[in-house]
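Chemist: So the sequence shown is residues 201 to 577, counted in this note's numbering.
Note that beta-carbon positions come from the ideal geometry of N, C-alpha and C, so glycine has one too.
Keep in mind that this is a model prediction, so the values were computed, not measured.
I'd like to ask some things about the structure below.
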Amino acid sequence: MRLRARADRREARRCRSRAAVVVALVAAAGCSGNTHSATSSAGQAAAGAPQPTRAPYLRMVDADNGWAVWPSGTSWLVLHTTDGWQHVQNATPAAVPTEGGLALGIGPDGSAAVAVEPYGRLLTSPLLVRTGPQTQWSPAELPGPVADSRQAVALSPNGTTVVLAGGTVVRSDNKGWRTITAATSLAPAGQLRLDAVAWADGSLGWLTGHGVKGAPVAVQTTDGGRSWTPVDALIGSAVAALAPCGSGRSWLLPVIAADHRITVERTSDGGASWSAGGSFAGPSGIPVWGCQGAEVWMLDDAGHVLASADSGATWSDQGKAPAGLTDLAPTSTDAGFAASGDARHPQLWAVSQGGADFARVALPAWVSALGAGQSTS
Numbered sequence: 201m202r203l204r205a206r207a208d209r210r211e212a213r214r215c216r217s218r219a220a221v222v223v224a225l226v227a228a229a230g231c232s233g234n235t236h237s238a239t240s241s242a243g244q245a246a247a248g249a250p251q252p253t254r255a256p257y258l259r260m261v262d263a264d265n266g267w268a269v270w271p272s273g274t275s276w277l278v279l280h281t282t283d284g285w286q287h288v289q290n291a292t293p294a295a296v297p298t299e300g301g302l303a304l305g306i307g308p309d310g311s312a313a314v315a316v317e318p319y320g321r322l323l324t325s326p327l328l329v330r331t332g333p334q335t336q337w338s339p340a341e342l343p344g345p346v347a348d349s350r351q352a353v354a355l356s357p358n359g360t361t362v363v364l365a366g367g368t369v370v371r372s373d374n375k376g377w378r379t380i381t382a383a384t385s386l387a388p389a390g391q392l393r394l395d396a397v398a399w400a401d402g403s404l405g406w407l408t409g410h411g412v413k414g415a416p417v418a419v420q421t422t423d424g425g426r427s428w429t430p431v432d433a434l435i436g437s438a439v440a441a442l443a444p445c446g447s448g449r450s451w452l453l454p455v456i457a458a459d460h461r462i463t464v465e466r467t468s469d470g471g472a473s474w475s476a477g478g479s480f481a482g483p484s485g486i487p488v489w490g491c492q493g494a495e496v497w498m499l500d501d502a503g504h505v506l507a508s509a510d511s512g513a514t515w516s517d518q519g520k521a522p523a524g525l526t527d528l529a530p531t532s533t534d535a536g537f538a539a540s541g542d543a544r545h546p547q548l549w550a551v552s553q554g555g556a557d558f559a560r561v562a563l564p565a566w567v568s569a570l571g572a573g574q575s576t577s
């Protein structure tokens with residue numbers, strides 16, 4: 201009993217010490233279970249990604265076509281719909297263990313790439329790519345484990361780009377994997393941890409991450425990844441940036457400051473200039489947001505959905521969201537979808553009235569049953 205009491209005291213001291221220094225959105229599993237806490241004042245590049253893979257999330261192309269990474273038993277599935285989730289197809293790659301989670305990147309033409317998070321004896325990540333909605337997954341293996349971030353995989357005309365767990369960014373070509381940059385090159389002092397990659401086309405793209413104040417938490421390329429420059433508007437205030445959302449020359453970039461406040465930076469000239477919208481206090485857990493054109497939905501610290509029809513310049517409170525929200529995916533100015541819950545109790549929602557109304561969407565029974573036989577570990 202005395203030994204146990206001493207161990208408990210040591211654990212309490214360890215957790216208090218960790219809580220004093222962990223600032224970026226972290227998985228504080230040792231102290232508070234499998235939850236993520238929000239940024240605070242100092243920043244720490246070693247903390248976990250703002251939006252980890254092990255939570256239900258969506259990738260909607262439009263109101264009808266979309267994807268979901270969804271828990272089933274101990275596994276994670278890739279689900280696909282072509283009619284707004286009225287019908288669901290299982291698009292999970294076969295013969296790979298998916299208990300660790302999945303990072304999914306999609307293209308507008310039905311192409312997709314999914315990287316499998318390490319789990320158990322799986323130390324490097326398989327990558328599965330398909331070039332269209334009717335094609336089979338083509339297997340490959342990454343040169344290391346993929347980063348634990350939903351947006352760690354992205355498609356572009358130049359190939360599939362992946363952020364690895366150590367901060368190296370690699371891209372596939374006909375000779376295999378090629379390193380295009382790394383966190384140590386972008387921030388040599390170790391203040392940055394890369395989480396996500398996004399491409400507008402074969403030339404214009406972004407890397408985002410989290411770290412200490414003053415770190416380049418978002419960098420941009422205009423030459424397909426040969427060179428990267430910091431998004432200057434963010435330096436000095438941000439401790440994290442989420443993967444941008446947009447198309448063409450118009451993109452939105454959510455930024456999290458050291459005091460937990462979230463601001464959406466917007467560009468209409470491909471990142472040559474950025475404008476900041478109104479800020480608000482973000483949630484204490486995983487940041488939840490989505491955009492479709494100028495329509496943006498985000499979750500605030502009170503658990504309310506904030507909606508913007510002007511690319512985040514101004515916000516309106518749409519009321520309380522379901523508890524445990526993990527993703528928002530507007531598909532128009534009025535409607536969209538959302539996900540909530542965890543690996544044991546996921547829920548899909550149809551959202552209407554500009555983010556004010558949530559209606560449960562029942563997934564087929566096989567979705568929850570399939571995972572029991574999915575693992576090949």
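Roughly how many angstroms lie between the CA atoms of A443 and V464, to the nearest whole one?
Modeler: Cα-Cα distance, rounded: 11 angstroms.
Chemist: I'd like the ranges of any beta strand (DSSP E) spanning at least 3 consecutive residues and lying wholly in the region 254-307.
Modeler: List check, beta strand (DSSP E) in window: 257-260, 266-272, 275-281, 302-306.
Chemist: Give a yes or no on whether the C-beta atoms belonging to V316 and G300 are separated by under 8 angstroms.
Modeler: Their beta carbons are under 8 angstroms apart, which means V316 touches G300 by this criterion.
Chemist: Let's see if you can read the secondary structure: which residues bound the alpha helix (DSSP H) around W566?
Modeler: It spans 565-570 - the alpha helix (DSSP H) in which W566 sits, taken as one unbroken run.
Chemist: Less than 8 angstroms between the beta carbons of A387 and G411, yes or no?
Modeler: Against a cut-off of 8 angstroms, the Cβ pair of G411 and A387 comes out as a contact.
Chemist: Does the structure place the region 417-434 close enough to the region 251-264 that three or more beta carbon pairs sit under 8 angstroms?
Modeler: With a cut-off of 8 angstroms, the region 417-434 and the region 251-264 do not count as touching, because too few Cβ pairs lie within range.
Chemist: From what residue to what residue does the beta strand (DSSP E) around L355 run?
Modeler: Note, L355: beta strand (DSSP E), 353-356.
Chemist: Starting from V529, trace the beta strand (DSSP E) in both directions and tell me its first and last residue.
Modeler: It is worth fixing the name first, because residue 529 is Ala in this sequence and not Val. From DSSP, the beta strand (DSSP E) with A529 extends over 525-530.
Chemist: Just tell me which of A481, V505, P546, A476 has its CA closest to the CA of G512.
Modeler: G512 has its Cα closest to that of A476, out of A481, V505, P546, A476.
Chemist: Would you tell me roughly how many angstroms separate the C-alpha atoms of A354 and A340, rounded to the nearest one?
Modeler: Cα to Cα, the separation comes out at about 15 angstroms.
Chemist: Rounded to a whole number of angstroms, what is the C-alpha to C-alpha distance between W451 and A509?
Modeler: Using only the alpha carbons, I get a separation of about 14 angstroms.
Chemist: State yes or no: is the C-beta of V431 within less than 8 angstroms of the C-beta of W474?
Modeler: In this structure, W474 lies closer than 8 angstroms to V431 by Cβ.
Chemist: First and last residue of the beta strand (DSSP E) that includes L499?
Modeler: 495-499 is the extent of the beta strand (DSSP E) around L499.
Chemist: What residue does the beta strand (DSSP E) around L506 start on, and which one ends it?
Modeler: Looking at the DSSP string, the run of the beta strand (DSSP E) that includes L506 is 504-508.
Chemist: What's the call for P357, buried or exposed, on a 16-neighbour Cβ count within 10 Å?
Modeler: With fewer than 16 other Cβ atoms within 10 Å, it is exposed.
Chemist: Assuming L394 and L407 form a contact by the criterion Cβ under 8 angstroms, report the distance between their Cβ atoms to the nearest whole angstrom.
Modeler: About 6 angstroms separates the two Cβ atoms, so the contact holds.
Chemist: Quick one: residues in its chain with C-beta nearer than 7 angstroms to the C-beta of F480, no 5 flanking neighbours on either side, listed in chain order?
Modeler: Within the same chain, F480 has close Cβ partners R461, I462, D500, L506, W515.
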